[in-house]
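Shown next, in C-alpha cells, is the structure this report addresses.
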Amino acid sequence: MQGITFDIAHMLAGSLVLVSFIQLYQQRLSALLNIFALHAFVLALSVAWQAYVQDAPHLYITAIIALVFKAIVIPVALRRIVIRLGIHREIENVFGVGLAMLLGICLVALSMVVMLRVTSGADPLAREDLAFALSVVLLGMLMMVTRRNAVSQVVGFMSLENGLVLAATGAKGMPLVVEISIAFSVLIAFIVIGIFLFRIRERFDTVDMQAMDRFRGEQR
Amino acid sequence: MAVIYDFALQGAQMLLVLLMAPLLTGFVRKVKARLLSRQGPPLLQPYRDLLRLMCKDVVLADNASWLFRVIPYLVFAATWVAASLVPTFRSGLMFSWTADLIAIIAVLGSARFFLALAGMDAGTSFGGIGSSREVMISSLAEPAMLMIVFVIALIAGSTQLSTMAAFMNSAEVGLRVSLGLALIALVIVAVAENARIPVDNPATHLELTMVHEAMVLEYSGRHLALIELAASLKLLLYVSLIACLFAPWGISPAIVAAVPILIGVAAYIGKLGVLGAFLAVFETAIAKMRVFRVPEFLGAALMLALLATLLRFVSRSF
Amino acid sequence: MMVTVALFGVLTLVALAPIAIALSGKPNATGFVYGACLIVTLVMFLVALHSLLEQPAASTITLPLGLPWLGAHFRIDPLSAFFLVVVNLGAAAASLFALGYGRHEEAPQRVLPFFPLYLAAMNLVVLADDAFSFLLSWELMSLSSWALVIADHRRAENMRAGYVYLLMASFGTLTLLLAFGLMAGGDGAYAFDAIRAAHPTISTAALVLILALIGAGSKAGLVPLHAWLPLAHPAAPSHVSALMSGVMTKVAVYGFIRIAFDLLGAPQWWWSLVVLALGGVTAVMGVLYALMQRDLKRVLAYSTIENIGLIFASLGLALAFKAYAMDVAAALALTAALLHVFNHSLFKSLLFFGAGSVLTATGTRDMEKLGGLIHRMPQTAFVFLIGCTAISALPPLNGFVSEWLSFQAILLSPQLPSWGLKLMVPAVGALLALSAALAAACFVRAFGIVFLGRPRSSEAAAAQETDTNSLAAMYALAATCLIAGILPGIFIDALAPVVQVLAGARMPVQTGAEWMSIVPIAESRSSYNGLLVFAFMVITGTATAFAIHRFASDKIRRGPAWGCGYPDASPLTQYSASSFAQPIRRVFGSLVFRAREIGTMPPPGSRAPATLTVQLRDLIWDTLYAPIATAVGNIAERLNYLQFLTIRSYLTLVFAALVILLTVLATWP
Amino acid sequence: MTIDALEGVLLIPALSAGLLAALPGYRLTSRLNMLAAFLTFLTAASLFVVEPESGRYLLVDDLNKVFIVLTAFVAFTTSGFSASYIGHEIETGRLKPNHVRFYHAMYQVLMFAMNLALTANNIGLMWVAIELATLTTVLMVGIYRTHEALEAAWKYFILGSIGIALALFGTILVYMAARPVIGEGPDAMVWTILMTKAASFDPDLLNVAFVFLLLGYGTKVGLAPLHAWLPDAHAEGPTPISAVLSGLLLNVALYALLRFKMLLALNPVAIAPGPLMVTMGLISAVFAAFMLYRRRDIKRMFAYSSIEHMGIIVFAFGMGGPLANFAGLLHMTMHSLTKSAIFFAVGHIAQIKGTQKIADIGGLTISHPVLGWGLVAGVVAIAGLPPMGIFMSEFLVVSSTFARAPWLVLILVIAILVALGGLFIKLNTIAFGEPRGSNAPAQASYVPMFAHLAIVFAAGIYMPPALVTGFQNVARLLG
C-alpha cells in the first residue's frame with residue numbers, strides 16, 4: 003500500500019515537472035494558457051492525492067482552489083485579456099526552445115542533487131515531493147526569464163507558485179494558514195497584475211515589457 | 017688674565033681675516049695678470065678701491081627699499097663672523113664652539129639669502145637674473161658642501177672645526193679615497209661659491225653671463241665696498257677652510273705660547289699664498305662655462321661627495 | 010586635573026559653534042567668536058605649558074561618552090602636553106590674527122561656527138587616550154576643516170579642493186582605523202593602555218606601522234599622499250590655512266609618533282628605512298613643487314610638505330636608533346623632529362598670516378601680480394622676511410636649529426650596526442641638505458617677487474598695510490621664532506620629558522652650557538650658539554655701519570635703476586616668479602615634472618609677440634591619482650548599465666544568484 | 038480582556054487604517070494619521086517599561102523590541118513629515134483627495150504589517166506580514182500614476198513577488214526541517230519553540246532553506262543583485278514612502294533574515310550563514326557605492342546609498358561576534374534615522390525646486406540655509422563621518438573584523454570610501470555653489486528631520502546604558 007501511494011504521488015509530482023517542460027516548449031500564447039490550465043489541473047490532482055494520503059481534509063480545499071482558480075478562471079481571464087488587447091500571439095523567446103529545454107534539464111538535475119542530498123533523514127515522500135517542487139519552481143523562474151511577453155511571464159510566475167503549493171502540501175502537517183496564504187497571494191497577485199495590465203493598457207500600447215522599459219525613470 | 021688673552025687672540029683672528037682678505041684677492045689678481053704676461057694692478061689695489069668706494073656717495077635705485085640698504089651690512093657681518101670662526105693660525109679659539117662647520121656654512125647661506133633678495137629689490141631684470149642663477153647655483157653647492165662636511169665629520173667624528181683640524185693632523189687619518197673625493201668636491205664648491213671661473217667671472221660685466229655681479233649691479237659707494245669686502249672674505253674663508261682641513265700643518269694648538277702662534281701665522285700666510293696661486297693658475301687655464309653647464313659641474317661635486325660618504329667604509333688607510 | 014581643565018576648554022570651544030550660528034549676521038559676531046577662541050586657547054596653552062614644564066604625572070580622565078562600554082579616555086602626558094602647546098599656540102595666534110583678518114571675510118557665517126570646532130577637534134586628537142575618541146576627533150578635525158576649506162564655495166576650484174581633501178582625509182582615517190583594528194584585536198581593546206599592554210607579533214606590528222604611516226602620512230602630506238594638501242590649504246581662509254599647515258599637519262605627526270613610538274612598542278630596524286626614505290623624498294619633492302608654483306599660498310602649502318618630510322626623516326632616524334637601543338642618539342633625532350614640529354608651526358603660521366595680509370590688501374594670491382609690497386606694507390614685509398629666513402633654515406633663526414640637530418643625528422649614523430641604514434642615512438642627509446638649499450631658493454623667490462621690486466599690478470600698487478591685530482599676531486610669532494633661534498637650549502630642555510618617555514633617554518641638559526650653547530653630545534663633537542652668532546652679527550653689523558657712517562660717508566642719492574638703456578621699463582620686465590624658477594626648473598624639472606618649454610619666435614619683421622609656454626606635469630597626480638579617478642569612473646560607468654536593464658534581466662540576475670547559491674550548496678563538501 | 042502593548046501596536050494601526058479609509062479631507066486625516074502613529078509609538082515605547090509575555094502568536098524579546106520601537110518612532114516622525122508633504126502635493130495637484138484617503142489608510146496598513154512581521158512568533162505569520170507590507174508599498178509607490186511611478190511599482194511588484202515565492206519556499210523548508218524534531222502541526226513554525234530545538238534540525242535542509250530565505254528576504258533588504266526594485270521604488274513613490282521604505286521596510290526584512298540566522302547559528306552542523314551574508318553584503322556595498330557616481334536623480338541616489346548601508350549591515354551580521362553584531366544593530370538604527378531624515382530633506386527640496394534632477398538643484402546652503410545644512414548634516418552622517426552615530430558603528434565593524442578577515446574588510450573599506458566620494462560629489466553640487474532652480478521659500482516643518490539628526494548626533498557621542506545593554510543582549514543572541 004505504501005508503495006502505491008508513494009508511486010502515485012511521485013507520478014503526479016513528476017508529471018507536474020513534465021508539464022512545466024511542455025510550457026517551456028510552447029511558442030503560442032493560447033497554447034501556453036492551455037498548458038498552464040493543465041499544469042494547475044495536475045497540481046490539483048496532486049494536492050488531492052496528498053490530502054487523501056495524509057488524511058488531511060483541509061488540503062482538498064487547496065486542491066479545489068487550484069482547480070477552480072488556476073485551471074479554469076485564470077486561463078480564461080488571461081485569454082480574454084490577450085484577445086481584447088490584441089497581443090501578438092507569438093511568444094518572443096530570448097533564446098531558442100532547445101537551449102531553454104537544456105537549461106531546464108540542468109535545473110531539474112540541480113534541484114535533485116540539492117534536495118536528495120539534504121533530506122536523507124526525512125521521509126521519502128516529502129523528499130521526492132520537495133525535489134519536484136523545487137524543479138517546478140526553478141522551471142517557472144526560467145520561463146519568466148526566457149520569455150519577453152508579459153502574459154507568459156505571469157504564467158511563469160504562477161507555475162512557480164504551483165511549485166510552492168506542491169512543496170507546501172508535501173510538507174506533512176503544515177498548518178492551513180499556509181495554503182490559504184498561497185491562495186490569497188495568488189489571488190492578490192492576479193488582481194494586482196490585472197489592475198496593472200489595465201493601467202498598462204491605458205498608458206502603454208503593448209504589454210511587452212521592453213516597451214515599458216523606455217520609461218526607466220533615469221535617462222541614460 | 018687668560019680670558020683677556022683668549023679675547024685678544026679671537027680679536028686678532030678677526031682682524032687678521034679682515035685684513036688679509038683684500039690682500040688675497042689682490043694677490044690672485046696679480047698672479048693671474050702675470051700669468052697672462054700683464055703687469056697687473058698693485059697688490060694693495062683692493063684696499064685702495066675699498067677706501068675709495070667707502071667715501072663715495074651711495075646712489076640708490078628709485079625703487080630700493082630699506083632692506084636694500086641694510087643688506088650690505090648684514091652680508092658683511094655674516095661673512096666676517098663666519099670667516100672669523102674658521103681656524104687660521106690657532107685652533108680652539110675662544111668662540112670657536114659658537115658655530116661648527118655646518119653652522120658656518122649656514123651663516124654664509126644667510127648672507128647669500130639676503131644678497132639674492134637685494135638683487136630683486138631694485139625691480140630690474142638684471143637683479144632678478146643674478147638672484148635666480150645664484151640660488152640655482154647655491155641650491156646645488158650647498159648640499160654638496162654639506163655632504164663634504166658629512167664625509168669629513170663621519171671620519172673625524174665631529175663637526176667642530178678645531179677638532180676636525182686636530183684629527184686631520186693626526187696619524188689616524190691615513191690616506192683615504194673618500195677624503196680625496198671630498199677635497200675635489202670642496203674645490204669645486206669653493207670655486208662656485210666664490211663666483212670664480214669657470215662658474216662665474218668676477219671681472220666681467222657682460223650682462224648675460226654674470227651671476228654675482230648682476231645681483232649687486234645696483235650697489236654703489238660704501239654698500240658696494242662692503243659687498244666686495246664680503247666677497248673677498250668669503251674667498252679667504254674657503255681657502256682657510258681647505259687649508260685647515262686638508263693642510264692643517266702648523267696650526268697652533270690651544271695652548272698659551274707665543275712661538276707656535278707665530279709659526280701658525282706664518283704657515284697660514286704661506287698656505288694662502290700657495291692656494292691663491294693655485295687658484296690663479298686654475299682660473300687662467302680654464303674657460304668660463306655656460307650657465308647651464310654649472311649644474312652639471314656642481315652636480316659632479318655633489319655626486320663625488322655622496323660617493324665619498326659611501327666609500328668612507330671602504331678604505332681605512334689606503 | 011590638567012586634563013579636566015583642558016577638556017573644559019575644549020567644551021567651551023565646542024559651545025562656541027552653536028553660539029556662532031546664533032550670532033550669524035550680527036556685526037560683532039566675528040570679534041566675539043575669535044576673541045573667545047583667543048582667550049580659551051591661551052588658557053589651554055598655559056595649561057599645556059604647565060603640564061609640559063612642571064611634569065606632573067600623566068593626568069587622565071574617563072568620561073562616559075563615546076564607546077559605551079569603554080568610555081572616552083583622555084590623558085595628558087608629556088607628548089600630548091607638547092603637542093597641546095603647539096596646537097594652542099598656533100590656535101591662539103590664528104585667533105588673534107583673525108580678529109583683524111576675519112573682518113574682511115565675505116561670508117563669516119560659513120567660517121565662524123567651524124573655526125572653534127576645528128580648534129576643539131585638534132585639541133581632542135591630542136588629548137584622546139583611546140582609539141575611538143582619537144579617530145572621532147581626528148575625523149572631526151578633517152570634517153570641520155573641510156567645511157572651512159569650502160567656506161568660499163562659489164569658486165569651483167575650492168569645491169574641488171574640499172572634495173579631494175575630504176576623500177583623502179577619510180582615506181587616512183580609514184587606514185588608521187584599520188591600524189587600530191589590528192592593534193586592538195577582535196575583542197575591541199581600544200583603550201591606549203590596553204593597546205600598550207598588548208604585544209603584537211612582528212608582522213602585525215609592521216602592518217600597523219605601514220597603515221599608520223599611510224594614515225597619518227596622508228594627513229601630514231607625505232609624498233605621494235600629499236595631493237590634497239596644496240589644494241586644500243590655500244583654499245581656506247588664511248588663518249585657517251595657517252592652522253592647517255602649521256598645526257594640523259603636526260597633529261598628524263603626533264598621530265604617527267603616538268602609534269610608532271608609544272603604542273607599538275619596540276620598533277624593527279627596517280621600519281626606519283621606510284620612514285627615512287619617504288621623509289627624504291617628501292622633503293625634496295615638496296620644495297621642488299613649491300618652487301614651481303605661482304600661487305603664494307600654494308608655495309607655502311608645498312613648503313609644508315617639505316618640512317613634514319624633514320620631520321619624518323628625523324623620526325625615521327629616531328626609529329632606527331631606537332631599534333638598536335641607542336637611546337641617546339634616538340633622543341637627539343627625536344628632539345630634532347619635535348623641535349622642528351614646534352618651529353615649523355611658528356613660522357608657517359607666520360607666513361600664512363603674511364600671505365593672508367597680502368591677500369586682503371591686494372585681493373590676489375598670484376605672485377605674478379604682486380611686487381613692491383615692502384613699500385606699501387613695510388611691517389608685514391619685515392615679519393614675513395623673518396618667517397622666510399626661519400623657514401629657509403638660516404641662522405640665527407629657529408629653523409636652522411632643528412635642521413642642525415637633524416644633521417647632528419645623521420652624523421651619528423655610522424654607529425648603526427645595519428649596513429642598509431649606514432648607507433641610507435647619508436643619502437637622506439643629502440636629500441635634506443638639497444631640500445634646505447632649495448627651500449632658501451624658494452623663499453628668496455617668494456619674498457623677492459611678492460615684496461621686492463616694483464608692483465606688477467595696480468592692486469599691488471595700491472595695497473595698504475594690514476591691521477594691528479594681524480600685525481600683533483605676526484610679530485608675536487616672529488619674536489618667538491627669533492627667541493627659539495637664539496636660545497634653543499631652553500626649548501630643547503623643555504622637550505626632554507617628552508623625549509625621555511618616547512626614546513628612553515634625553516639629551517644632555519642644555520641650559521647649563523656656557524653662553525647658552527647647545528651641545529647635543531659633547532662640545533668637542535659639535536656645538537652651536539645661536540645667541541652668539543646673532544650677537545656677533547648684530548655687533549659687527551652695527552659697528553661697521555656706525556664706523557662707515559661716522560668716518561667715511563653717509564650720503565645717499567636716488568637715481569633710476571640701470572635699465573639697459575631702455576627708458577621707462579614696465580614693471581612686467583622684472584623677473585617674474587616663473588622666470589625666477591627657470592634655472593632650477595631646467596636643472597630638476599625635466600626629470601621631476603617632465604617640464605617642457607615651448608618657445609615660438611615670430612619671423613623677422615613680424616610684430617607678433619614671441620611666446621614661451623612652459624608645460625609642467627604633476628607625475629604623481631598623473632600616475633597615481635588620475636588612474637584611480639579614471640578607474641572609479643570607468644567602473645561606475647560600466648556598472649551603471651545595471652540601472653537600465655529590463656525587468657526580465659533583473660529577474661535573470663535573481664535567478665542566476667539562486668542557481669549559483671544552490672550549486673554552491675550542492676557542491677559543498 | 039486586557040490588551041497588552043504587543044497587541045496594541047497591531048490594533049492601533051489596524052483600527053486607524055479602517056477609520057482613515059472612511060474619513061475625507063486631508064487635513065483631518067493627516068492629523069489622525071499622526072495621532073495614530075504617535076499612539077503606536079507610545080505603546081511601543083512602553084515595551085521597554087513593561088515587557089508582556091510572549092504568546093503563541095506574538096513574541097517580544099530584546100531583538101524585536103529594538104526594531105518595534107525604532108519602527109514606531111520613524112513611522113511617527115514620518116507621519117509628521119508626510120502631513121506637510123502631502124499638503125503640498127494636494128496644493129500642486131499631483132495627488133487627488135481620494136488618493137490621499139487611500140494613502141493614509143495604506144500608511145496605517147503598512148505600519149500594521151511591519152509591526153506584525155516584527156512581533157509574529159510564527160515563521161508563517163511573519164512571512165504573511167512581510168508580504169502584506171510589500172504589497173502595500175507597491176500600491177503606494179504607484180500612487181502618482183505617472184509612467185515612471187507605474188513602471189517602478191510594476192518592477193517592485195514582479196521582483197517582490199519572486200522574493201515572496203522564494204521566501205515562502207525557504208519557510209516551508211524550515212518547517213520540513215523542524216517537523217521531524219518538533220512534530221507535525223503549527224508548533225514547528227513557532228519561533229520560541231524552534232529556537233529551543235534548532236540544534237537537532239537537519240542541517241542540510243536548513244542550509245537550503247537559508248539560501249532561499251536569504252534570496253527571498255534579501256530581495257526586500259535590497260541586497261545586490263536582488264536590489265533592482267529599490268532605487269526606482271524610492272525614486273518614484275511619494276517621499277514619505279521612500280523614507281519608510283529605506284528606514285523601516287528594509288529593516289523589517291533584515292529582521293526576518295536575522296531571526297533565521299539566529300536559528301542557523303544554533304545548529305552546530307549547518308554551514309554558518311555568515312559567509313553567504315558577508316558575500317552578499319560586500320557585493321551590495323561595493324556595487325551601490327559605484328552606482329552613486331552616475332546618478333542624476335536625488336532620491337535614486339540616496340536609495341543606492343541605502344543599498345550600500347544594507348550591505349554594510351549584512352556584512353557586519355555575517356561576520357558575527359559581539360562587537361560586529363552590536364555594530365550591525367547600531368548601524369541599522371542609525372541608518373534608519375539618518376536616511377529617513379535625508380529623505381525628509383530631499384522631499385522638501387524636490388518640492389521647492391519642483392524637480393528631483395540633481396543637475397537642476399544647486400546652492401541650497403545659500404538659498405535655503407536650514408534645509409541645505411540639514412542635508413549636509415545628513416549626508417555627513419550617512420557617509421560615516423563623525424560625530425554622528427554611523428561613524429561609531431562603522432568604526433566597530435571595521436576595527437573588530439579587520440584582524441579576522443583583512444581582505445574582506447579592505448573591500449568594505451574601499452566601498453565606504455568610494456561611496457563617500459560619490460555622495461559628496463553630488464552634495465557639492467546640490468548644497469554648494471551658485472543657487473540653481475526655484476528659490477521658492479520652503480514651507481515645511483523641519484522638526485522631524487532635525488529630531489532624527491539630533492538623535493543620530495547624540496548617539497555618536499553618548500549612548501544611554503539601557504540601550505547599550507539591550508543591544509549587547511541582542512548581539513549575544515545573534516552569536
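Chains as they are written, first to last, in my numbering: chain A, 3 to 222; chain B, 17 to 334; chain C, 10 to 678; chain D, 38 to 516. We put the beta carbon where it would ideally sit given N, CA and C, even for glycine.
Cross-chain neighbours of residue i in chain C, by beta carbon under 7 Å
i	result
B:I118	W413 and F416
B:A358	This structure cannot settle anything about residue 358 of chain B, because the visible part of chain B is limited to 17 through 334.
B:I145	Y584
CB contact below 7 Å: residue i versus chain A
i	result
D:M338	no
C:L660	yes
Short CB-CB distance (under 7 Å) between residue i and chain C
i	result
A:V147	yes
B:R106	no
A:M143	yes
B:D22	no
Cutoff 7 Å: residue i Cβ touching any chain D Cβ
i	result
A:A173	yes
A:V116	yes
Neighbouring residues, chain B, relative to residue i (Cβ below 8 Å)
i	result
C:E532	W113 and Q176
C:R566	D73, V74, V75 and L76
Alpha-carbon to alpha-carbon, residue j and residue i
i	j	result
A:R201	A:N95	Only weak support exists for where A:R201 lies, its pLDDT of 47 falling under 50; the coordinates are left without a value.
D:G200	A:A11	28 Å
C:A57	D:L250	58 Å
Listed by chain order, chain C residues near residue i by CB distance under 9 Å
i	result
D:N288	The contacting residues do not exist; D:N288 stays about 21 Å from chain C at best.
Contact set between residue i and chain C, taken where Cβ atoms lie within less than 8 Å
i	result
B:C71	A561 and S562
A:L112	V668, L671, T672 and A675
Contacts around residue i, its chain only, beta-carbon distance under 7 Å, and the 5 residues preceding and following it disregarded
i	result
A:S113	A133, L136, S137 and L140
Close-in-space but distant-in-sequence residues of the same chain around residue i (CB under 6 Å, 5 per side omitted)
i	result
B:A259	K287
C:F589	R454
B:Q61	G42
Cut-off 8 Å between Cβ atoms - residues of its own chain near residue i, not counting five sequence neighbours on either side
i	result
C:M257	M131, M150, S154 and K228
Interface residues of chain D facing residue i [CB-CB closer than 7 Å]
i	result
C:P77	M500, P502 and V505
Chain-ordered chain A contacts of residue i [CB-CB under 7 Å]
i	result
D:P223	P177
Min CB distance residue i to chain B below 7 Å
i	result
C:T549	yes
Checklist entry - Counting pairs of Cβ atoms below 8 Å between the stretch 379-389 of chain C and the stretch 307-316 of chain C, do you hit three or more? => result no
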